[in-house]
Ligand SMILES: Cc1cc2nc3c(=O)[nH]c(=O)nc-3n(C[C@H](O)[C@H](O)[C@H](O)COP(=O)(O)OP(=O)(O)OC[C@H]3O[C@@H](n4cnc5c(N)ncnc54)[C@H](O)[C@@H]3O)c2cc1C
């Protein structure tokens, strides 16, 4: 009410809270998991998962079935977080 005093008398019917899947660089992690062959990740959509899900699903399906994607997704591999030695 400090920020929206006009809502002081509003009747709140229900509230909701949830997690936002976020990454430190603001873009998703997509692709294979080097340490666990056969495991693929598509996560950390940073609030844009609905919008890009069709393209991500298509590319991940192609990666799983053929081992290749139409679009280069290497920059989105989680290994970008690994320390470069
Ligand atoms: C408030 C809010 C607004 C958003 N608005 C937009 C928007 O306008 N446009 C947009 O493009 N995106 C939006 N997003 C982002 C979008 O909702 C997410 O990016 C998308 O839902 C992620 O999809 P997901 O399948 O990766 O994960 P999720 O939808 O989170 O699905 C993961 C599923 O795994 C289940 N799960 C978790 N742990 C386990 C376990 N151990 N065992 C079994 N199941 C498990 C969960 O219950 C859940 O059902 C918004 C997100 C939030 C929170």
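Residue numbers (this note's numbering): 6 to 90.
Every residue gets a Cβ at the ideal spot worked out from N, C-alpha and C, and that includes glycine.
Straight-line gap, residue i to residue j (C-alpha atoms, nearest Å)
i, j, result
"residue 17", "residue 23", "18 Å"
"residue 30", "residue 56", "18 Å"
"residue 41", "residue 19", "42 Å"
"residue 79", "residue 36", "8 Å"
"residue 9", "residue 70", "52 Å"
"residue 59", "residue 47", "12 Å"
"residue 66", "residue 7", "49 Å"
Per-residue DSSP class, three states only, for residue i
i, result
"residue 70", "helix"
"residue 44", "coil"
"residue 77", "coil"
"residue 85", "helix"
In DSSP terms, what residue i is bridged to
i, result
"residue 34", "48"
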